[in-house]
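Asks: In order, the protein sequence lines correspond to chains A and B. Numbering follows my numbering, with no gaps: position 90 of the first sequence is 90. Numbering-wise, my numbering comes out as the position in the second sequence, counting from 1, plus 1000. Just passing along the structure, written as structure tokens.
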Amino acid sequence: MNEGLMARKRIAGYSMLIPATVLFLLINAFPLVYGLVLSMTDMNYTKPRSGKFIGLENFRSLLGDSEFWSVMGFTIFYTVMVVLFSYALGLQLAVLLNKNIKFRGLFRAAALLPWVIPAVVAAENWRWLLNDQLGLINRTLMRIGVIHEPILFLADPDLARLSVILVAVWKSYPFMMVVLLAGLQSVDNEIYEAACIDGASRTRIFWHITMPMLKPISMICVTLMALWTFNTLSFDNIYLLTQGGPAGSTYVMSIQSYYIAIYRGKIGYASAISVMMMVIIALTVLIYWISQLAAARKTLSRVGEVNG
Amino acid sequence: MKRALLSVLLIVAMLTIAACGGNSGNSAGSGGSGEAGSANSGNIGGTGGTGGTGGSGGNGGNSGEVAELVFWDMMWGRSDSYPTTVQKLVEQFNNEHPNIHVTVQIIPWDNFYQQFLTAVTSGAAPDVSTGGFSQSIQYAAMDELIDLSSIVEEWKAEGFDANFPEGSLELHQYNGMQAGIPWIIDPRVITYRKDVFEQAGITELPSTWEEFFEAAEAIKSKTGMTPLVIPGDRDGAQVFLSMLFENGAGITDENGNPNFVTKGVEETLAYVQTLYEKGYIFKGTASYTDTDMDSKLLSGEAAMSYGALRTTVYNSGDPIAEHLGVLPSLKSKSDGTPRTLMWINPIVVYKQTKYPEESKIFVKWWVEHMLPLFTEGAANGYPAVKAMLQDEYFTREPYIEEAIRNAVPYGVPPVWPAKNLYTAWSIIEGENYLGMALQEVVTGNTNLAGIMEKYDKMIQQAFNETN
């Protein structure tokens, strides 16, 4: 009778999973599989009779395309810079806002604003701020005499690259801050007290206590931010700010895939670019997972040695 | 047992609700899935662009029942006047044709290319639409449009066809079929401030590149203003193309074969380079949009702008509006014929329509009666029907009248010197090759031969991919 009851409970439980599973399959699995299939065809919207299976031909063309390598290079550079700087800024703010200061709650809420502002609104405002003639930043700097000529934030190719990174960091740091703040609050105060009693300086406390304690949560938020930046933020942010310009200097893989699909109609080739993005992300996650496994094994063997 | 049954019932209920919510209002008309778009008022006033409305609903059009047509019109004019004018005109058509009922949706220009492509390829195309210049050829090549030759034949019998700009009907033909009917022409013009020209002591309007440099230098030295503002985004491609035409150059030769490595193209790149290096255009040009052009004019930082008519500035009520004029189209020394880019955009009927004959009736009527779109709706551009240009609306406003006098007669389509639209145009325009070439020059790249070769390669590839 117990077995029957358990079986019924299991059935009920699995049945509850059906809606979510169907949704997942429709929204996630189907587009993923279809995209993989499309990447191995010559499907072109502008050519009604296209759609033949061509194997890995799209990938061969892609790997032989110098423009693709250049775009991939900037995409990776963009992702690394955004993650690095948003982590650094988020960590700094998390450490500050973890202290018992007046109006801490207000500061925490204010620091979250970039995260909650819709991407379109944020990008449009940044375009106005960064405008060379009428933008607030240039006008203020010129008025106080820091510069005599406007800075071409979005018109100079090199500066445009820095500008899109800057805006992405501004958009991303609240996430890092919130996650790292949660991590900091989980660190036992007694450890800091013990370190203080032992005479450790603030710098030593930060590097030898705070950072190691934050390592697990840091790995998670860095990985998530890298995935998100590589996939989504690169498109939203750059498409809204510069559309990949000026002169293609801020082209990233997601925008390249989009333009090829929409304007050239080469949906097969564009899907191949998306698959390459997925491969890069998968490799990154794999490397992270292997490093975590290696670190865990090392820790286990040390524990084993200590225990004799 | 009871719990399992309850669980299953709950799941079925949830799935049912989800299914019903996704399919409510589905007209399942010729356009395929999507929400019904029969409520006119919900789709007017600049709120269109949902892209969710499929083609017409209802049953066959020959059975005596009312043919429901969905018409996608772009936001061709101001949001406070154009949509209501369109709605009024559509209602007039509906009243005059009791067996046809047209529902119109106003589509914004932002991402229109993606919206149309998605709609057509997913079977959710409207019955009729206006849209981008190359929409006729692009969708004809995809076998998604119907032949409108019968309309042209009727006009020939009526003598109405003589109203269209020379070559404009042929421009929108594809493999012998009339893919689109030209309805609006939209030249690119150099808007200038007459008061600034006076202040700079310019008494004769420039008509050549050399004279333009002289005028620009006078403005810069005597007024401190930047002489010219041009866009650097996708609209910059249009300005660069117009400058190529001024110099007798184009993307192809007269037979439509790609030909971007020419003396004419190199001279035009050099012309832009001179404008940039001498400070006749802003250093930040590469990032400028149409909005930046308006703001530079209104703020008094620029004396001229090159692009679409500045109707926003002209109708803004700002004091500078009364000083705006349009320069005559320029010519270069090497070519000697003034030209300017002129968009000649089509209205098309999609094959997905269930009512092709009714759609053609609507298109013919629309083109014949579209004058209010300009006189009341303030559409940006002019009617492609010459007789309508005689209306006093186009003669009483000095700025509009000057554009008609100084630009329209010299307007050539974007594919000039080719006679017909080619399918590679949608790639060249969509991926903004000319805009990127302009951006390279205005961000300091001085290797003009390298720029020419780079974009020639891309243009050649576009032709290879579409042939």
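For every residue, glycine included, the Cβ atom is placed at its ideal position computed from N, Cα and C. Only a predicted model underlies this, so the values are computations on that prediction, with no experimental measurement involved.
If distances are taken between C-alpha atoms only, which option among B:T1395, B:I1185, B:T1353 comes closest to B:P1165?
Replies: B:I1185
Asks: Tell me the DSSP secondary structure of B:H1470 in three-state form.
Replies: An answer regarding residue 1470 of chain B cannot be provided, because it is not within the stretch 1001 to 1467 covered by chain B.
Asks: Please report how far the alpha carbon of A:Y173 lies from the alpha carbon of A:L93, in whole angstroms.
Replies: 9 angstroms
Asks: Would you list the one or two residues that DSSP bridges to B:F1071?
Replies: B:V1104, B:V1128
Asks: Note down the Cα distance separating A:E3 from A:R10, rounded to an integer number of angstroms.
Replies: A direct Cα-Cα distance of roughly 10 angstroms separates A:E3 from A:R10.
Asks: In chain A, what lies closer than 7 angstroms to B:K1333 by C-beta?
Replies: Within chain A, no residue comes near B:K1333; the closest Cβ sits about 28 angstroms away, beyond 7 angstroms.
Asks: Flag A:N131 as yes if its beta-carbon sits less than 9 angstroms from any beta-carbon of chain B, otherwise no.
Replies: Yes, contact with chain B.
Asks: Taking only beta-carbon positions, decide if B:L1117 is within less than 9 angstroms of chain A.
Replies: yes
Asks: Is it right to say B:A1384 is buried, meaning 16 or more other beta carbons lie within 10 angstroms of its own, or is it exposed?
Replies: Classification of B:A1384: buried, given that the 10 Å Cβ count is 16 or more.
Asks: Any C-beta of chain A within less than 8 angstroms: which residues of the segment 1374-1395 of chain B qualify?
Replies: none
Asks: Find the nearest neighbour of B:W1076 within the set B:L1205, B:M1458, B:Q1105, judged by alpha-carbon distance.
Replies: Nearest of B:L1205, B:M1458, B:Q1105 to B:W1076, Cα basis: B:Q1105.
Asks: Name the residue from B:V1363, B:P1414, B:T1446, B:K1457 whose alpha carbon lies nearest to the alpha carbon of B:W968.
Replies: As displayed, chain B neither begins before 1001 nor continues past 1467, which places residue 968 of chain B out of reach and without an answer.
Asks: Going by beta carbon distance, what residues of the same chain come within less than 8 angstroms of A:V285, once the five residues before and after it are set aside?
Replies: T223, L227
Asks: Please return the same chain residues whose Cβ sits closer than 7 angstroms to the Cβ of B:I1219, not counting the five positions on each side in sequence.
Replies: Once the five neighbours on either side are set aside, the close Cβ partners of B:I1219 are V1196, A1200, M1225, P1227, A1303.
Asks: Check each candidate in B:L1330, B:P1328, B:T1291, B:P1182 and name the one with the smallest Cα separation from B:T1311.
Replies: Cα-wise, what sits closest to B:T1311 is B:T1291.
Asks: In chain order, what residues of the same chain have a beta carbon less than 7 angstroms from the beta carbon of B:F1260, not counting five sequence neighbours either side?
Replies: Around B:F1260: I1251, M1452, Y1455, D1456, I1459.
Asks: Determine the chain A residues that contact B:D1456 at a beta-carbon separation under 7 angstroms, and present them in chain order.
Replies: Those do not exist, as B:D1456 stays about 15 angstroms from chain A at its closest Cβ, beyond 7 angstroms.
Asks: I need the DSSP call for B:M1342, collapsed to helix, strand or coil.
Replies: strand
Asks: Listed in chain order, which residues of the segment 194-208 of chain A have Cβ atoms closer than 8 angstroms to some Cβ of chain E?
Replies: Annotation note: the requested chain E is absent from the structure, which comprises protein chains A and B.
Asks: Please list, in chain order, the chain A residues whose beta carbon lies closer than 8 angstroms to that of B:T1121.
Replies: Y45
Asks: How would you label B:N1062, buried or exposed, when you count the other beta carbons within 10 angstroms and need 16 or more for buried?
Replies: At B:N1062 the pLDDT is 49, less than 50, meaning the model places this residue with poor confidence; the figure from the coordinates comes in the next sentence. Exposed: under 16 other Cβ atoms inside 10 Å.
Asks: Distance, Cα to Cα, B:P1319 vs B:V1313?
Replies: B:P1319 and B:V1313: Cα-Cα distance of roughly 10 angstroms.
Asks: For chain A, is any of its Cβ atoms less than 9 angstroms away from the one on B:S994?
Replies: The displayed coordinates of chain B run from 1001 to 1467. Any statement about residue 994 of chain B would go beyond what the structure contains.
Asks: Would the segment 247-264 of chain A count as touching the segment 193-205 of chain A if we require 3 or more Cβ pairs under 8 angstroms?
Replies: no
Asks: How would you list, in chain order, the residues of chain A whose beta-carbon sits under 7 angstroms from the beta-carbon of B:G1450?
Replies: The contact set of B:G1450 on chain A, defined by CB atoms closer than 7 angstroms, is empty, because the minimum CB distance reaches about 12 angstroms.
Asks: Roughly how many angstroms lie between the CA atoms of A:K52 and A:G35, to the nearest whole one?
Replies: 14 angstroms
Asks: Pairs of beta-carbons, one from the segment 130-145 of chain A and one from the segment 1263-1270 of chain B, closer than 8 angstroms: are there three or more?
Replies: no
Asks: Hey, could you find the ends of the beta strand (DSSP E) B:Y1306 is sitting in?
Replies: 1302-1307
Asks: If you compare alpha carbons, which of B:T1395, B:W1416, B:P1414 is closest to B:I1406?
Replies: Per the sequence shown, residue 1406 of chain B should be read as Asn rather than Ile. Measuring from the Cα of B:N1406, the nearest candidate turns out to be B:T1395.
Asks: Keeping to the same chain, check which residues put their C-beta closer than 7 angstroms to that of A:A296; ignore five residues upstream and five downstream.
Replies: None.
Asks: Have a look at B:V1326 and B:L1244 and give me their C-alpha separation to the nearest angstrom.
Replies: 19 angstroms
Asks: Using the three-state DSSP reduction, which class does B:N1467 fall into: helix, strand or coil?
Replies: coil
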